[in-house]
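Under the UniProt record's numbering, the final residue of the sequence shown carries the number 362; numbering is consecutive throughout. Glycine residues also receive a C-beta, built at the ideal position from the N, C-alpha and C atoms.
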Amino acid sequence: MASSEEDESCVLEVKREAKLRLDIWDEFDRKKEKIEKTRHHQATCKHCKKANVLRLEIIRGEKYYLQYHLTKCKHVPKELKSKYAAKPEKKAEPDPRGKKQSSMFGFLDRTLTRVEKQQFGILLADTWADCNFSLQSIENESLVKLFQFLRPTVEIPSRRVLTDRILKSRIDDAVSQVTQAISHKKDVTLTFDGFKNVSQNKLLGFVAIARDDNGTNSHVFESVKDISGLNYNGEYVVAEVDAVIQTMEHKYGSTFRAVTCDSDGAHIKARRLLSAKNEHMLILACSAHQTKYASQFDNPFDFWEYASAAHKELAELAVVLLKVSPHAAGVERFWSTTGGVHNIEKNRMRVELATGLSTIRM
């Protein structure tokens, strides 16, 4: 009797797993073409297509790759991400038919396939960025022994390969994703802030923020400039802001509707000058972040979509205001992340690599 119940439980578990595998295709467009040298079809994300992403990523139509994309894609709603989030593996249960598991001592490892090597490179780059490992640790003897114990045939890359090929490729992918998130957006916010690096140089950095209808903020790092020894006044700030906006509008085809910055020093005069010069833009102090927090209790976009039938112009204005990210916290978080990967112990790291690793972590 107990054996029958266990068999039925196993069957139900298999059915649930199969249903999840079929449900996941609701989030993708399945193409006729197949991935080279596999039996799996090519797939593209419906959420990326809905967000008007210029270059849709071709995904292998296998559950792991589809599920991985859903958990990483910025255009996927949070409830779907949680639904398809990877779950911890269950402990192996005794076989109800009484068969004994064969010993693992006779297991013969094999070399990774081309696809598995690509997957290993992505996981390696994400791990090094997320865990804040130093680049030279890839050649650490203890770490190499650990990898060889887990998978003897895995070839551990050198530091040069990790930096120049694996991390560079992953950074390019991350930059491409955030670039697609902001391209041709109509309501983009520019925020900037100053900070000091480990060499005590005063730097000025700019980050563009595009907010989607579901409340997701996409941050795009634009530039950083050394302003040590310069006369940082209101006129200088205005000139730099105008130059960055002009460059980014040409680069991404987006429209900037707001500029936010701190409430001290030269920024007070800069906001006044920017307001007089750009009447179509909102120039806000970062103290206005309370407005954003207040709007996060419910999704106000749903209300104004409903109200647009009777109050079209008011609804359009409300949507523009809600898409503004009225604070400089985005760039502050970016510098905090950058500081985590570019500290005093690793001061030899290039600025481009440090900001690239920060882009992966964001």
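- Residue nearest to I209 within the set R170, K83 and T260 is T260 (criterion: CA-CA distance).
- Within the region 230-293, the runs of beta strand (DSSP E) at least 3 residues long that lie entirely inside it are, in chain order, 256-261 and 282-285.
- A direct Cα-to-Cα measurement between Q200 and F256 gives close to 32 Å.
- When DSSP states are grouped into helix, strand and coil, R211 belongs to the strand group.
- The straight-line gap separating the alpha-carbon atoms of L124 and E27 is approximately 27 Å.
- Separation of K202 and L230 (C-alpha to C-alpha, rounded to the nearest whole angstrom) is 10 Å.
- If you compare the alpha carbons of D226, F147, C48 and L282 with that of T191, the shortest gap goes to L282.
- Taken in chain order, the complete alpha helix (DSSP H) segments of 4 residues or longer contained in the region 145-208 are 168-182.
- Burial check for C131: the Cβ neighbour count within 10 Å stays below 16, so the residue is exposed.
- DSSP places Q67 in the uninterrupted alpha helix (DSSP H) bounded by K63 to K72.
- Bridge pairing for Q118: absent [DSSP].
- Cβ contact annotation for L56 (same chain, cutoff 8 Å, sequence separation greater than five): T44, C45, C48 and K49, in chain order.
- Counting of Cβ neighbours within 10 angstroms places I59 among the buried residues, the total reaching 16 or more.
- Our two residues, E116 and W128, have alpha carbons roughly 18 Å apart in a direct line.
- Secondary structure of H311 (DSSP, three-state): coil.
- One thing to note: E139 has its Cβ within 9 Å of the Cβ of R159.
- Within the DSSP secondary-structure output, Q136 pairs in no beta bridge.
- A direct Cα-to-Cα measurement between K168 and V188 gives close to 27 Å.
- When only Cα atoms are considered, H75 and E240 end up about 31 Å apart.
- With a cutoff of 9 Å on beta-carbon distance, T163 and L146 are scored as not near each other.
- With fewer than 16 other beta carbons inside 10 angstroms of its own, F149 counts as exposed.
- CA-CA distance, Y252 to Y65, rounds to 29 Å.
- Within the DSSP bridge table, the entry for A43 names R30 and I59 as partners.
- Of the residues L112, I268 and E249, the one whose Cα lies closest to the Cα of Y236 is I268.
- Excluding residues up to 5 positions away in sequence, D187 and R257 lie with their Cβ nearer than 7 Å to the Cβ of V320 in the same chain.
- The C-alpha of S254 lies about 30 Å from the C-alpha of Q42.
- Its Cα nearest to that of G121, the residue R165 stands out among R165, S137, Y68 and N52.
- In the DSSP assignment, L80 falls within the unbroken alpha helix (DSSP H) covering K78 to Y84.
- A Cβ-Cβ separation of about 7 Å places L204 in contact with V224 under the 8 Å criterion.
- For a cut-off of 8 Å, the C-beta gap from A174 to S218 is around 12 Å, too long to register as a contact.
- Here the alpha carbons of T38 and K63 stand approximately 14 Å from one another.
- In the structure shown, S228 falls within a coil segment according to DSSP collapsed to helix, strand and coil.
- Listed as beta-bridge partners of V220 by DSSP are A208.
- When the Cα atoms are used, I245 and L274 turn out to be separated by approximately 12 Å.
- N52 is positioned such that its CB atom lies closer than 9 Å to that of H184.
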